[in-house]
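Trainee: Line by line, the protein sequences are chains A and B.
Once you know that position 103 of the first sequence is 103 in the numbering used here, the rest is easy, because the numbers rise by one and skip nothing.
So the numbering used here is basically just the index in the second sequence, starting at one, shifted up by 108.
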Amino acid sequence: MKNFDKIVEDGLKMETDFKLGLEFKDKVVKLIRKRERVSQRKFYFLIVFGMITIVGSGLGVVLYFAELQSFESLRQIVPLAVLVGSLVAGIQYLDKKLVKDKMFKQLA
Amino acid sequence: MDEKQLVASVLSGDDGALRILIGKYERLVAHMVGRVVSDGMDREELCQDVFVKIYEKLSTFHFDSKLSTWIATIAYRMAVNFAKKKRLNQVDFDSVEFQIPDSARSYEDEDLSRFVVKLVDQLPTSYKMVLTLFYLDGFSYPEIVEITGMPEGTVKNYLHRAKSKLKVIIEEHARKEVELV
């Protein structure tokens, strides 16, 4: 008489056919380091982009005010307000997309 | 090197430690992925992705649980998501129609055990995972609850139902073989 409980348990404890090759560890390490390099490059790019944007905006503001004779007309300030508002909104959006979302995902 | 030292070394950028970590847990990850995905290329790629995710999230692991449980949780979620995305084994347990392979036409115990493996492959993903975690990787009920997020009653129910069903099929199969002889 066969012990079917034992046969089923032996089958459930049997190793799967799927085995990872000897070079698997090296492949994963290479992949991780490659992704790190790419994300580091992206990070540096964003830093440089941010610096250029800040310096560029500063220069723009200086040039704008240099040409402005006086603050008599409020309408002249409207384009500057739009520019500053857009920049702030852009920075907020990038902060949310690149920093906060990532942080929340990691915390989840 | 204990696990805390290993994790610290991996986080400090030590490639050797990372290789040790992968070597230590590749069997566990391969079990989880291998049970769900049948295509060889997809399997290896998914295993790679699991280890990349483990590495990325390692700094958030604070030894609140065993490292193996935490790694199994990541592997489980990624394997289940992959199965959902590719619509693999999305069947209800009661509606599984088991395909009986010809190679099992033997009543040697070892062949019947191999036959069990083939039957397990046809079960719904959640059942396969629970069976693998319990029998192949030796996780306890509370650990399986932590890994899968299922209530303990469900885990026990899955194990019991799957085992009973497999036993019935094996018994029927062996009886038919005896009748044929």
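Don't be surprised by glycine CBs; every beta carbon is placed ideally from N, CA and C.
So is V191 (chain B) buried or exposed if we call it buried at 16+ other beta carbons inside 10 Å?
Mentor: Taking the first residue of the second sequence as 1, we reach residue 191 (chain B) at position 83. Before going further, note that residue 191 (chain B) is Ala rather than Val in the sequence given. The residue in question, A191 (chain B), is buried, as its Cβ has 16 or more Cβ neighbours within 10 Å.
Trainee: Just the Cα atoms here: how many angstroms apart are Q156 (chain B) and L22 (chain A)?
Mentor: Residue 156 (chain B) sits at position 48 when you count from the first residue of the second sequence. Residue 22 (chain A) sits at position 22 when you count from the first residue of the first sequence. Taking the straight line from one Cα to the other gives about 13 Å.
Trainee: What residues from the region 159–183 of chain B come within 8 Å of chain A, judged by C-beta to C-beta, listed N to C?
Mentor: F159, V160, Y163, K165, T168
Trainee: According to DSSP, is P79 (chain A) part of a helix, a strand, or is it coil?
Mentor: Here residue 79 (chain A) corresponds to residue number 79 of the first sequence, with the count starting at 1. Note: P79 (chain A) maps to helix in three-state DSSP.
Trainee: Which residues of chain A have a Cβ atom closer than 9 Å to the Cβ of I278 (chain B), listed in chain order?
Mentor: On the second sequence, position 170 is the one that residue 278 (chain B) refers to. Ordered by position in chain A, the residues that pass the 9 Å Cβ test against I278 (chain B) are K2, F4, I7, V8, G11.
Trainee: Please look up how many angstroms separate the CB atoms of S31 (chain A) and E152 (chain B), rounded, as I've assumed it's under 8 Å.
Mentor: For this step, residue 31 (chain A) is matched to residue 31 along the first sequence. For this step, residue 152 (chain B) is matched to residue 44 along the second sequence. The sequence given here places Leu at residue 31 (chain A); Ser does not occur at that position. With 8 Å as the limit, L31 (chain A) and E152 (chain B) do not qualify as a contact, their Cβ atoms being about 11 Å apart.
Trainee: Output needed for A270 (chain B): all residues of its chain with C-beta closer than 7 Å, excluding positions within five of it in sequence on either side, in chain order.
Mentor: Taking the first residue of the second sequence as 1, we reach residue 270 (chain B) at position 162. So the qualifying residues of the chain are L231, Y235, L239.
Trainee: Using a Cβ-Cβ distance cut-off of 8 Å, determine whether F24 (chain A) contacts chain B.
Mentor: As a working note, residue 24 (chain A) is residue 24 in the first sequence. Output row for F24 (chain A): interface = yes.
Trainee: Quick one: which chain E residues come within Cβ less than 7 Å of L274 (chain B)?
Mentor: Of the protein chains in this structure, namely A and B, none is chain E.
Trainee: On a Cα-Cα basis, can you pick out the residue from B:T256, B:E205, B:D245, B:F159 that is closest to K273 (chain B)?
Mentor: The sequence position of residue 273 (chain B) within the second sequence is 165, counting from 1. Out of B:T256, B:E205, B:D245, B:F159, B:E205 has the C-alpha closest to the C-alpha of K273 (chain B).
Trainee: Alpha carbon to alpha carbon, how far is S117 (chain B) from V28 (chain A)?
Mentor: Residue 117 (chain B) sits at position 9 when you count from the first residue of the second sequence. Residue 28 (chain A) sits at position 28 when you count from the first residue of the first sequence. In this model, S117 (chain B) and V28 (chain A) are separated by some 17 Å (Cα to Cα).
Trainee: Apart from the five residues just before and just after F43 (chain A), which ones in its own chain have a Cβ nearer than 7 Å to its Cβ?
Mentor: Here residue 43 (chain A) is taken as the residue at index 43 of the first sequence, counted from 1. The answer is none, since no qualifying residue turns up.
Trainee: Identify every run of the alpha helix (DSSP H) within the region 137–170 of chain B, keeping only runs that are complete inside it and at least 4 residues long; order them along the chain.
Mentor: 148–165
Trainee: Would you tell me roughly how many angstroms separate the C-alpha atoms of M140 (chain B) and I47 (chain A), rounded to the nearest one?
Mentor: On the second sequence, residue 140 (chain B) is found 32 positions in, with the first residue counted as 1. On the first sequence, residue 47 (chain A) is found 47 positions in, with the first residue counted as 1. Straight-line spacing of the CA atoms in M140 (chain B) and I47 (chain A) works out to 40 Å.
Trainee: Would you say A212 (chain B) reaches chain A, if we count a Cβ-Cβ gap shorter than 8 Å as a contact?
Mentor: Residue mapping note: residue 212 (chain B) aligns to position 104 of the second sequence, counting from 1. With a pLDDT of 46 at A212 (chain B), under the threshold of 50, the modelled position of this residue cannot be trusted; read the value that follows with caution. Chain A, which has no Cβ nearer than 8 Å to the Cβ of A212 (chain B), makes this no.
Trainee: Which residues mark the beginning and the end of the alpha helix (DSSP H) in which T181 (chain B) is found?
Mentor: Reading the second sequence from its first residue, position 73 is the one you call residue 181 (chain B). Here the alpha helix (DSSP H) through T181 (chain B) covers 175–193.
Trainee: Grouping DSSP H, G and I as helix and E and B as strand, with all else coil, what is N265 (chain B)?
Mentor: As a working note, residue 265 (chain B) is residue 157 in the second sequence. Helix at N265 (chain B).
Trainee: Helix, strand or coil: how does DSSP classify T233 (chain B) here?
Mentor: Numbered from its first residue, the second sequence carries residue 233 (chain B) at position 125. DSSP places T233 (chain B) in helix when its eight states are reduced to three.
Trainee: Locate the alpha helix (DSSP H) running through S117 (chain B), then write down its first and last residues.
Mentor: Walking along the second sequence from the start, residue 117 (chain B) turns up at place 9. 111–119 is the extent of the alpha helix (DSSP H) around S117 (chain B).
Trainee: Should the region 78–89 of chain A be regarded as contacting the region 52–66 of chain A, the criterion being three or more beta carbon pairs within less than 8 Å?
Mentor: Yes, the region 78–89 of chain A is in contact with the region 52–66 of chain A.
Trainee: Tell me which residues share the same chain as K34 (chain A) and place their Cβ nearer than 8 Å to its Cβ, disregarding the 5 neighbours each side in the sequence.
Mentor: One-based indexing of the first sequence puts residue 34 (chain A) at position 34. None.
Trainee: Could you work out which residues of chain A lie near R151 (chain B), taking near to mean beta carbons separated by less than 8 Å?
Mentor: By one-based count along the second sequence, residue 151 (chain B) stands at place 43. Neighbours of R151 (chain B) on chain A, chain order: F18.
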